[in-house]
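Novice:
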Amino acid sequence: MEWKETARWIKFEENVEDSNRWGKPHVASLTFHSLLELRKGLEKGTVLLDLEKFDLPSIAEAVVENMVITDQISQTDSNKVLAALLLRHRHQYQMSPPIARRPSSYNLLALARKDSKHPIEDSENKVLEPEEGETLGDGAIRLKIDESDSDFPGQEISPLSLSGDEKQDQKAEVSFAPEPAVVEGGSGKQESDVKSRIPEGAEATTVLVGTLDELQYPVVAFVRLAKGCPLNITEVSIPVRFMFVLLGPSSEEESYYEIGRSVATLMSDQAFHDIAYRADSREDLLSAINCFLDDTVVLPPGEWDRNVLLPILIAQSRARARRRKMAKAALAAVAEEQEIDPLERTGSFCGGLVEDIKRRAKVYLSDFKDGLNLQCLLTSIFLYFSVFAPNVAFGSLLDKKTEGWLGVSEVILATCMCGILFGLLAGQPLIIIGATGPVLVFEQTIYEFCNVYNVEFLPWRCWIGFWVMMILFGVVALEGCFLVRYFTRFTEEIFACLISAIFVYEAIHFLEVVFKKNPLQKTYTESPKSPEYEVKGQPNTALLSTIMVLGTFFVAFYLRKFRTSYFFGKKARRLVSDFGIVIAMACMLLVDVFLYDKVVTQKITIGDPTKRGFLPTRYTERGWFINPGGMKRPMEPGWIFAAIIPALFVGILLFMETELTGVLLNKKENKLLKGAGFNLDLIVMGCLSFVCSMMGLPWMCAATVRSVSHLNALSIWSTSQAPGVKPHLVEVKEQRVTNIAIHVLTGVSILLAPALHRIPVAVMFGVLFYLGVCSLSGIQLVDRIIMMFMPPKYHPDVQYVRKVKTRKIHSYTIIQVVCLILLIVVKLNVIAPSFPFFIICLIPLRKVLTKFFEQNELEELDNEELPDDDSDLDEYDSVYMPV
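See the structure below:
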């Protein structure tokens, strides 16, 4: 006979299936009766705490001796129990071919952390009923050891089953043989694949559950060794600290099975686990079981649909999260008192800026040293494509909206120059700056305004850029960065929806213009392509442009979803998903190249391909320096001071985007250590705006989505976590090298100008269409608009739906929709340049809503619905973030 492994636990349960492979990790479910029986067994059974035995025979002898003393077994049965405890252990990875599992007896091994010196963090609630359709294989004992999101080492449980093929008497003298390194006739593997998943410092809890017909009554023993000992009975060679033994007649076999699962699940609970390390007596263990039962939910028997159980599971999960947060708050109370809020006002002139400079100056040299590694190199290459593609798209759109005064050439140069300077001087170098939708919209409105009032566009922009710099200087000098706290979700969502709607509209409007120039006809005769005749009316151009816009969108959209598919490995999925836009553009470019001689499509314009050097889009009318006094006629003094008004709006726009991006990156869960620089970032943005204005370049702004991608690419996640367990963030490579390298590569792209001339404009509008649609993903306002057309019973099960009445939710949504419509009307009107002012007006409007809504209702609607602790990381990109 031997002990055979049937399952293991490293936070979640994994069973050895009939196909002799590990099953999917899942959460255990228990029977309430088994917990009660376990408590009774510990009340009467053997409990040995801090046993000073350091090999398996000595431990087994001590356990059997105590069982005899406590009258659990007779002296004649002691030899048989001892023989059973010393049988050989064989693990699943040593089995070949697959073994048939037997229901007679079980051995379970669990990894536990050593030296519990931390207070109890939480007690995870358990649902004590198997899910419908779930099969518990014969001989599979379920165990769970919790690994919280703190720095505690993880735990593992490896159940084994004692095969009882032969009901023969064991001899009193049993020799214990350690597990061989290589199993004869086996698969040849010398260690388990799970080794890399076990953190350093982990210790094992082994649970031995089996049937022994020579016994008349079940016997129970709970042992805590004085220190972890290498007993060579675990799947991975780690010290064993705890041991639980349950043996009894086969008549109660199923009951033993459930009791074994119960004790293992108890050891998986962080609260019980900590008490087990500190317990001084049997009563401490029994009290810990009572606490576990207090936090346990019992479901009545029945065939329950998982959707019916979801509210219960979410409620329990949130209760657990609240307890964890309370415990962490208590532990970090002293640290929080010493922490300095980067948005806190000092009360002195430029006090916040001085503090930012001091904070970042201490780590400035390390900002370059920390960037000299392979991960930063790969991040630079990856982010280059993520930055370059949208910039080309925005540049082509600017070219169209400003009639060539600002185009792809200007966007590439501005991105390169401003990105390098921002990477060198900024307080938060992880922020990626570039052309963004809000600034693009504002550039268009200023150009239209200049056309209406006959003002030179580029010279007037010089004065706007000058006043923007002065306004941002004033904000920093008066320590106004704290105002970012007043930008709530109410305002951010309306603003995000506005930009997304503009992107989608621009793509549709582009196709509308193409179809007007190239209408579909019942009959068609191609005009000869010669200088004497103008080619016009190309129906195939309209059709191919439509294919390219929609093709770029759908390819990029579904490659984005590829991240959560089941194809390939996780790294391959993320790689394909991250390069989705580049792959989509390449596919459509191949289509255009294949049809180059058959269909005419509009291409991107970058300077003049016949001229040498990198030139402005309208190089015959302007250079790389703009005279603020006027290009063709003098600038009137009145217009110089009138530029303060649009400058105020541009300053508000840059303030919102830069500071909100900084707040998003510097959240505590991102574990940034070098500090923020909100004031310093704003000063740098103001200076860059003025420089761009003087050079006739578009204004650059903090790109939130690209900045978050930058942060994620530099994040290092744990690799030694249990199967099925979400990796936790270890650190983020905070440095300046990647930001600078990304924009240096963008500048080098100037050499690619001849190749960029081959990219169809339709592809760029497809990218804008994709950015507009994907930006709507995860915005709560969009979800609530959809909810207005759904019966209440189909509303998503999220916190604000449970906490706020449906009527109030719809009222709040209608107010936001009305505000969004008003902003769209402003954007399409002659007062379009003032739309940032109307966005600012949303802040006091949000305050007015407190008279019509309860404060707790507004807080629920404004709070961010984050994923649960056990959710998959790949879904995190659907969480709301400002555009």
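Numbered according to full-length UniProt numbering, the sequence shown spans residues 1 to 883.
Heads up, the beta-carbon is just placed ideally off N, CA and C, and yes, glycines get one too.
Since the structure is predicted, the reported quantities are computational estimates derived from the model, not experimental observations.
(1) Determine the DSSP secondary structure at W22, reduced to helix, strand or coil.
(2) Using only alpha-carbon positions, find the residue among I238, G419, V848, D578 that is nearest to L745.
(3) Anyone know if the C-beta pair for T46 and Q75 falls short of 9 Å?
(4) Let me make sure I understand the geometry here. Which of V387, F368, E854, R241 has the alpha-carbon closest to that of C229?
(5) For G395, which option in L365, P754, I412, H89 has the closest C-alpha, if you only look at C-alpha atoms?
(6) Cα separation between F678 and G651?
(7) Rounded to the nearest angstrom, what separates G423 and M548 at their Cα positions?
(8) Using only the alpha-carbon positions, how far apart do S268 and K11 sit?
(9) Roughly how many angstroms separate the alpha carbons of A7 and V593, rounded to a whole number?
(10) Just the Cα atoms here: how many angstroms apart are L752 and K369?
(11) Assign C21 to one of two classes, buried (16 or more other C-beta atoms within 10 Å of its C-beta) or exposed (fewer than that).
(12) Using a 10 Å radius around the Cβ and a threshold of 16 neighbouring Cβ atoms, would you call P867 buried or exposed?
(13) Can you tell me the Cα-Cα spacing of T206 and Y217, whole angstroms?
(14) What's the gap between the Cα of S715 and the Cα of A496?
(15) In three-state terms, what does DSSP make of T70?
(16) CB V220 to CB V245, shorter than 9 Å?
(17) Could you name the residues that DSSP lists as bridge partners for K603?
(18) Going by beta-carbon coordinates alone, are I432 and N15 separated by less than 9 Å?
(19) With three or more C-beta pairs closer than 8 Å as the rule, is the region 665 to 672 touching the region 459 to 473?
(20) Looking at the secondary structure, which residues open and close the alpha helix (DSSP H) in which G569 lies?
(21) When DSSP labels each residue in this structure, what does K598 get in the three-state scheme?
(22) I'd like to confirm the pairing. Which residues does DSSP put opposite C701 in its beta bridges?
(23) Run through the region 615 to 684 for me and flag every whole alpha helix (DSSP H) of 4 or more residues, listed as ranges in chain order.
(24) Out of curiosity, what's the CA-to-CA distance linking E65 and V209?
(25) In this structure, does DSSP put V127 in helix, strand or coil?
(26) Where are the alpha helix (DSSP H) runs, 4 residues long or more, that stay fully inside the region 457 to 498, in chain order?
(27) On a CA-only basis, which of L48, L293, G629 is nearest I640? Give me that one, please.
(28) Quick check on R736: does DSSP put it in helix, strand or coil?
(29) Measure the alpha-carbon distance for L397 versus A501 and round it to whole angstroms.
(30) Work out the CA separation of V476 and N518 for me, nearest whole Å.
(31) What separation, rounded to the nearest whole angstrom, lies between the Cα atoms of D783 and I809?
(32) Use the C-beta contact count for C462: other C-beta atoms within 10 angstroms, 16 or more gives buried, fewer gives exposed.
(33) By DSSP, does N373 sit in helix, in strand, or in coil?
(34) From the DSSP output, read off the bridge partner residues of C229.
(35) What is the C-beta distance between V468 and G686, in whole angstroms, given that I count them as a contact (C-beta under 8 Å)?
Specialist: So, from the listed chains and residues:
(1) Taking the sequence shown and counting its residues from 1, one reaches residue 22 at position 22. Correct three-state label for W22: strand.
(2) In the sequence shown, residue 745 corresponds to position 745, counting from 1. The option with the nearest alpha carbon to L745 is G419.
(3) As a first step, residue 46 is located in the sequence shown; it is residue number 46 there, counting from the start. As a first step, residue 75 is located in the sequence shown; it is residue number 75 there, counting from the start. Going by C-beta atoms, T46 is not nearer than 9 Å to Q75.
(4) Here residue 229 corresponds to residue number 229 of the sequence shown, with the count starting at 1. Comparing Cα-Cα distances from C229 to each of V387, F368, E854, R241, the minimum goes to R241.
(5) The count along the sequence shown starts at 1 and reaches residue 395 at position 395. The candidate whose alpha carbon is nearest that of G395 is I412.
(6) If you number the sequence shown from 1, residue 678 lands on position 678. If you number the sequence shown from 1, residue 651 lands on position 651. Cα to Cα, F678 sits roughly 15 Å from G651.
(7) Within the sequence shown, the letter at position 423 stands for residue 423. Within the sequence shown, the letter at position 548 stands for residue 548. When rounded, the distance between both Cα atoms is 35 Å.
(8) Residue 268 sits at position 268 when you count from the first residue of the sequence shown. Residue 11 sits at position 11 when you count from the first residue of the sequence shown. Roughly 7 Å between the two C-alpha positions.
(9) Taking the sequence shown and counting its residues from 1, the one referred to as residue 7 is at position 7. Taking the sequence shown and counting its residues from 1, the one referred to as residue 593 is at position 593. A7 and V593: Cα-Cα distance of roughly 56 Å.
(10) Translated into positions along the sequence shown, residue 752 becomes position 752. Translated into positions along the sequence shown, residue 369 becomes position 369. For L752 and K369, the distance between alpha carbons rounds to 31 Å.
(11) For this step, residue 21 is matched to residue 21 along the sequence shown. Rather than Cys, the amino acid found at residue 21 in this sequence is Arg. R21 comes out exposed.
(12) Along the sequence shown, read from residue 1 onward, the residue named residue 867 stands at position 867. Model confidence at P867 stands at a pLDDT of 40, short of 50, so the residue's coordinates are unreliable and nothing is read from them.
(13) As a working mapping, residue 206 is identified with position 206 in the sequence shown. As a working mapping, residue 217 is identified with position 217 in the sequence shown. Cα to Cα, the separation comes out at about 22 Å.
(14) If you number the sequence shown from 1, residue 715 lands on position 715. If you number the sequence shown from 1, residue 496 lands on position 496. The straight-line gap from Cα to Cα measures roughly 26 Å.
(15) The sequence position of residue 70 within the sequence shown is 70, counting from 1. Coil at T70, not helix or strand.
(16) Taking the first residue of the sequence shown as position 1, residue 220 is located at position 220. Taking the first residue of the sequence shown as position 1, residue 245 is located at position 245. Yes, these two residues count as a Cβ contact at 9 Å.
(17) Here residue 603 refers to the residue found at position 603 of the sequence shown. Note: K603 sits in a beta bridge opposite P760.
(18) Sequence index remark: in the sequence shown, residue 432 carries index 432 (1-based). Sequence index remark: in the sequence shown, residue 15 carries index 15 (1-based). No. Outside cutoff.
(19) no
(20) Position 569 of the sequence shown, counted from the start, is the residue given in the question as residue 569. Element bounds for G569: n/a, residue is neither H nor E.
(21) Residue numbering aside, residue 598 sits at position 598 when the sequence shown is read from its first letter. Correct three-state label for K598: coil.
(22) As a working note, residue 701 is residue 701 in the sequence shown. Paired residues: G434.
(23) 637 to 642, 644 to 665
(24) Against the sequence shown, residue 65 aligns to sequence position 65. Against the sequence shown, residue 209 aligns to sequence position 209. Their backbone Cα atoms lie some 19 Å apart in a straight line.
(25) To locate residue 127, count along the sequence shown from 1; it is residue 127. Because the pLDDT of V127 is 32, which lies under 50, any placement of that residue in the model is unreliable, and the question is left without a value.
(26) 457 to 477
(27) For the purposes of this step, residue 640 is identified with residue 640 of the sequence shown, where counting begins at 1. Selected option, being the one with the closest Cα: G629.
(28) Here residue 736 refers to the residue found at position 736 of the sequence shown. R736 falls in the coil class under three-state DSSP.
(29) The sequence position of residue 397 within the sequence shown is 397, counting from 1. The sequence position of residue 501 within the sequence shown is 501, counting from 1. Each residue's Cα considered, the two are about 15 Å apart.
(30) Residue mapping note: residue 518 aligns to position 518 of the sequence shown, counting from 1. Residue mapping note: residue 476 aligns to position 476 of the sequence shown, counting from 1. So the two alpha carbons sit approximately 52 Å from each other.
(31) As a first step, residue 783 must be located in the sequence shown, where it is residue number 783. As a first step, residue 809 must be located in the sequence shown, where it is residue number 809. Approximately 11 Å between the Cα atoms of the pair.
(32) Here residue 462 corresponds to residue number 462 of the sequence shown, with the count starting at 1. Buried, because 16 or more other Cβ atoms sit within 10 Å of the Cβ of C462.
(33) Numbered from 1 along the sequence shown, position 373 holds the residue referred to as residue 373. In the structure shown, N373 sits in coil (DSSP, three-state: anything other than H, G, I, E or B).
(34) By one-based count along the sequence shown, residue 229 stands at place 229. V240.
(35) Stepping through the sequence shown from its first residue, residue 468 is reached at position 468. Stepping through the sequence shown from its first residue, residue 686 is reached at position 686. About 6 Å separates the two Cβ atoms, so the contact holds.
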